[in-house]
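Numbering (my numbering), first residue to last: 6 to 136.
Every residue gets a Cβ at the ideal spot worked out from N, C-alpha and C, and that includes glycine.
Read through the structure below, which is laid out as structure tokens, and then see the notes.
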């Protein structure tokens, strides 16, 4: 586990708390550093299909001190109070993790947040599919 960043700390970031309350699905790609973060990609999208611009990962090639985390919300019924991942969530996480591996970028976590401040972390739940 990272010394500074934990899934709980990621889920409690101000930007993530705002996203958890939105009535539409939003995905955010964050670059985590030792004591800070940067928003790499931000994409509102249609219900049940968050897409992020994976091209934004290219700006991180060669930066060894950054870790990637993808966060999105579950805004709609029946998921609005449920942060448990869907099959598309798990597939998207697998693809992003695989892409990061190909680009030699550290993939840290994928986190899903819901309106009731619950979150699901693939890292905490050891739910990553092996790449």
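DSSP beta-bridge partners of residue i
i, result
"residue 98", "Per DSSP, none; premise fails for residue 98."
"residue 114", "74"
"residue 47", "33"
"residue 124", "118"
"residue 67", "Paired residue(s): none; residue 67 is not in a bridge."
"residue 42", "37"
Beta-carbon proximity check, residue i vs residue j, cutoff 8 Å
i, j, result
"residue 38", "residue 71", "yes"
"residue 129", "residue 88", "no"
"residue 42", "residue 34", "no"
"residue 66", "residue 108", "yes"
"residue 18", "residue 62", "no"
"residue 101", "residue 119", "no"
Nearest candidate by alpha-carbon position, reference residue i, set the options
i, options, result
"residue 73", "93, 14, 91 and 110", "110"
"residue 22", "127, 117, 132 and 133", "117"
"residue 40", "30, 9 and 15", "9"
"residue 131", "69, 121 and 90", "90"
"residue 31", "16, 19, 17 and 47", "47"
"residue 11", "113, 133 and 134", "113"
"residue 95", "15, 134, 69 and 68", "134"
"residue 92", "15, 20, 127 and 45", "127"
"residue 60", "125, 45 and 14", "45"
Open item on the list: Assess contact between the region 17-36 and the region 73-80, defined as three or more Cβ pairs (one per stretch) separated by less than 8 Å. Is contact present?
Closed with: yes
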